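What follows is a single structure, written as structure tokens, with notes after it.
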Ligand SMILES: [Zn+2]
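In the working numbering, the protein residues as written are 7 to 423.
Put into structure tokens, the structure is as follows:
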């Protein structure tokens with residue numbers, strides 16, 4: 007599990023990072039990945055150059071701003087771990103920068119500094135809040151800024167934990183839409199764009215979304231809406247149709263590996279394996295890195311699941327589900343990611359040269375025998391089931407029932423290769 011541990015948020019020491027770019031970032035800080043893992047340095051991501059990967063999209067944003075063709079309502083679609091929020095921040099910083107370079111904001115002008123400190127008067131944020139704690143984003147702005155500064159790659163789960171010890175479900179309510187309209191009807195302080203970033207836009211309830219339709223369709227001059235959502239599945243059609251869709255794809259494994267190696271004290275093998283298991287998701291890769299010491303447990307748990315399901319031993323399957331449900335949710339999620347990684351590796355083992363697979367020696371021995379049970383006939387079922395399980399664990403599903411169901415599905419699929 008990733009445990010951020012701020013040592014010195016406003017450290018005056020400039021850490022050597024191997025890149026000039028990072029020296030201008032004033033919010034260097036250190037965090038720990040927990041037991042047995044050394045303390046690493048991480049930083050405040052705001053420049054395009056500090057976004058992990060996404061080079062094509064960055065080029066697209068540079069063109070938009072340079073050609074003065076910025077769409078007034080853009081919906082970024084992609085998992086938080088693909089970097090939609092850091093991208094949005096870097097985009098806004100570039101848009102506001104008074105001394106733009108060819109490929110990035112300067113990071114030094116007064117606009118850049120205000121964006122970096124999350125204090126730019128024309129940059130507004132809107133995000134889900136637990137209504138019992140605060141009805142609008144402004145009530146949680148301190149926590150929000152702290153989260154962005156600590157770690158701009160984060161997901162809804164992290165945000166919920168930060169806001170509320172009881173972990174209640176947050177929403178973006180109609181009170182928030184009133185605030186949004188109020189903020190955007192004011193004149194821009196700095197005379198340029200006014201930007202409203204709506205994070206986790208799928209958490210807007212219907213009355214909030216309906217209230218925003220008009221202003222999204224016909225915004226005041228020089229207004230930019232950036233909505234961020236994981237998928238369009240839960241977005242109202244009326245909002246979707248008013249936005250320019252920007253698909254934020256998975257980050258390339260090599261780029262995540264490089265990022266982990268550049269920014270954290272990890273070896274190549276460790277970085278590569280976390281990046282590969284993270285499947286294009288920086289948040290996942292970081293959390294997998296922290297759980298590296300549990301890798302053998304994941305492997306044993308995976309092998310056991312496959313064995314008992316292959317034997318169709320229902321009692322042992324239930325026992326397995328109970329054991330798995332007993333570990334922490336974070337660990338359960340890591341296990342599910344690990345299983346997805348093993349399915350992918352099995353396919354690679356079957357259809358490509360052995361040396362392409364990214365596994366340890368013991369895993370390799372297991373896969374040599376196991377891979378024959380994974381084929382085009384069942385791999386999509388496996389992937390879908392394990393991905394859905396991950397989704398539901400993140401949303402507090404009953405893990406005993408979930409893992410029992412999962413094992414029954416595995417039993418069906420494994421005999422259908
Ligand atoms: Zn600047």
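In this text, a Cβ means the ideal position worked out from N, Cα and C, and glycines have one as well. For clarity, every value in this text was computed on a predicted model and none was experimentally measured.
Measure the alpha-carbon distance for residue i versus residue j and round it to whole angstroms.
| i | j | result |
| --- | --- | --- |
| residue 60 | residue 78 | 21 Å |
| residue 405 | residue 84 | 26 Å |
| residue 384 | residue 158 | 37 Å |
| residue 343 | residue 252 | 26 Å |
| residue 101 | residue 67 | 9 Å |
| residue 109 | residue 124 | 22 Å |
| residue 56 | residue 323 | 45 Å |
| residue 201 | residue 132 | 11 Å |
| residue 410 | residue 166 | 27 Å |
| residue 93 | residue 373 | 38 Å |
| residue 215 | residue 256 | 27 Å |
| residue 391 | residue 325 | 20 Å |
| residue 327 | residue 422 | 21 Å |
| residue 153 | residue 375 | 45 Å |
| residue 348 | residue 230 | 42 Å |
| residue 302 | residue 209 | 37 Å |
| residue 204 | residue 226 | 17 Å |
| residue 233 | residue 377 | 41 Å |
| residue 178 | residue 396 | 24 Å |
| residue 401 | residue 345 | 19 Å |
| residue 41 | residue 224 | Note that residue 41 scores 34 on pLDDT, short of 50, meaning its location in the model is unreliable and no value can be drawn from it. |
| residue 63 | residue 254 | 8 Å |
| residue 82 | residue 334 | 32 Å |
| residue 162 | residue 105 | 34 Å |
| residue 175 | residue 73 | 41 Å |
| residue 394 | residue 194 | 43 Å |
| residue 237 | residue 287 | 15 Å |
| residue 403 | residue 329 | 16 Å |
| residue 103 | residue 91 | 18 Å |
| residue 199 | residue 295 | 39 Å |
| residue 136 | residue 206 | 13 Å |
| residue 190 | residue 267 | 41 Å |
| residue 285 | residue 54 | 22 Å |
| residue 129 | residue 278 | 36 Å |
| residue 140 | residue 332 | 33 Å |
Exposed or buried, residue i, counting other C-beta atoms within 10 Å across all chains shown (16 or more means buried)?
| i | result |
| --- | --- |
| residue 192 | exposed |
| residue 127 | exposed |
| residue 424 | Absent from the structure is residue 424, since the part of the chain shown begins at 7 and ends at 423. |
| residue 183 | buried |
| residue 424 | With the chain covering only 7 through 423, there is no way to say anything about residue 424. |
| residue 89 | buried |
| residue 212 | exposed |
| residue 186 | buried |
| residue 304 | buried |
| residue 308 | buried |
| residue 419 | buried |
| residue 386 | exposed |
| residue 259 | buried |
| residue 367 | exposed |
| residue 282 | buried |
| residue 358 | exposed |
| residue 80 | buried |
| residue 306 | exposed |
| residue 247 | exposed |
| residue 407 | exposed |
| residue 250 | exposed |
| residue 311 | buried |
| residue 172 | exposed |
| residue 292 | buried |
| residue 197 | exposed |
| residue 321 | exposed |
| residue 280 | buried |
Inset, instruction - Pair every Cβ in the region 140-152 with every Cβ in the region 112-119, then say whether three or more of these pairs are closer than 8 Å. - result: no
Inset, instruction - Evaluate contact between the region 410-417 and the region 315-327, counting only Cβ atoms and requiring at least three cross-stretch pairs below 8 Å. - result: yes
Inset, instruction - Say whether the region 204-222 touches the region 241-256, bearing in mind that this needs 3 or more beta-carbon pairs closer than 8 Å, one atom from each stretch. - result: yes
Legend entry - Contact the region 376-394 vs the region 346-355: 3+ CB pairs below 8 Å: yes
Legend entry - Complete runs of the beta strand (DSSP E) confined to the region 157-186 [at least 3 residues]: Listed in chain order, there is nothing to give.
Inset, instruction - Pair every Cβ in the region 263-279 with every Cβ in the region 91-106, then say whether three or more of these pairs are closer than 8 Å. - result: no
Legend entry - Runs of alpha helix (DSSP H) wholly within the region 258-341 (minimum 4 residues, chain order): 259-269, 274-284, 288-296, 301-317 and 320-332
Inset, instruction - Please list the segments of the alpha helix (DSSP H) lying wholly inside the region 375-412, counting only runs of 4 or more residues, in order along the chain. - result: 385-400
Legend entry - Length-filtered (3 minimum) beta strand (DSSP E) runs lying within the region 113-157: 129-132
Legend entry - Length at least 3, wholly inside the region 195-259: the beta strand (DSSP E) runs in chain order: 200-204, 229-235 and 250-253
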